[in-house]
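Following: one structure in structure tokens, then a few remarks.
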Amino acid sequence: KPGLRSILELLIGEIKARVLKLSDVRVFEIHTGACVAGVRGTDFAVTSEDGRASDVEVYEGTVYVESLGKEGERQGQVEIGENLSTRVEREG
Numbered sequence: 001k002p003g004l005r006s007i008l009e010l011l012i013g014e015i016k017a018r019v020l021k022l023s024d025v026r027v028f029e030i031h032t033g034a035c036v037a038g039v040r041g042t043d044f045a046v047t048s049e050d051g052r053a054s055d056v057e058v059y060e061g062t063v064y065v066e067s068l069g070k071e072g073e074r075q076g077q078v079e080i081g082e083n084l085s086t087r088v089e090r091e092g
């Protein structure tokens, strides 16, 4: 099923995901109030404290992280590699 999407909304708390490389999954993303983190075939965690700040930790593979603007629009994208982490804080 080309184009299959898995999107999780994280308001407060933490999601740790191990995503296997599945050919039918095209998008796997975790949305918080501060960012969008997405992968395919990796092991990572996303923590959201208050919807305004998020931490992304990568244990294996690569994760892309996009910050969100004041209106929730996606802004610049960066890639975070294995054993690295980043913190994203939303403006406003």
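For the sequence shown, the residue numbers in UniProt numbering are 1 to 92. Don't be surprised by glycine CBs; every beta carbon is placed ideally from N, CA and C.
So within the UniProt domain "FecR protein" (7 to 63), which uninterrupted beta strand (DSSP E) runs reach at least 3 residues, ignoring any that extend past its ends?
13 to 19, 25 to 31, 35 to 38, 42 to 48 and 53 to 60
Across which residues does DSSP place Gln77 in a beta bridge pair?
Taking the sequence shown and counting its residues from 1, the one referred to as residue 77 is at position 77. In DSSP, Gln77 forms a bridge with Glu66.
Straight-line gap, Phe28 to Glu91 (C-alpha atoms, nearest Å)
Looking up residue 28 in the sequence shown gives position 28. Looking up residue 91 in the sequence shown gives position 91. Those two C-alpha atoms are separated by around 25 angstroms.
Using C-beta distances below 7 angstroms, list every residue in its chain close to Leu84, excluding the 5 sequence neighbours before and after it, in chain order.
Residue mapping note: residue 84 aligns to position 84 of the sequence shown, counting from 1. Counting only Cβ-Cβ distances below 7 angstroms, and skipping sequence neighbours, we find Val58.
Rounded to whole angstroms, how far is the Cβ of Gly33 from the Cβ of Gly51, which I believe are closer than 8 angstroms?
Position 33 of the sequence shown, counted from the start, is the residue given in the question as residue 33. Position 51 of the sequence shown, counted from the start, is the residue given in the question as residue 51. Contact holds; Cβ gap of about 3 angstroms.
Considering only their Cβ atoms, is the gap separating Asp43 from Arg87 smaller than 8 angstroms?
Here residue 87 refers to the residue found at position 87 when the sequence shown is read from its first residue. Here residue 43 refers to the residue found at position 43 when the sequence shown is read from its first residue. Cβ distance not < 8 angstroms, so Arg87 and Asp43 don't count as in contact.
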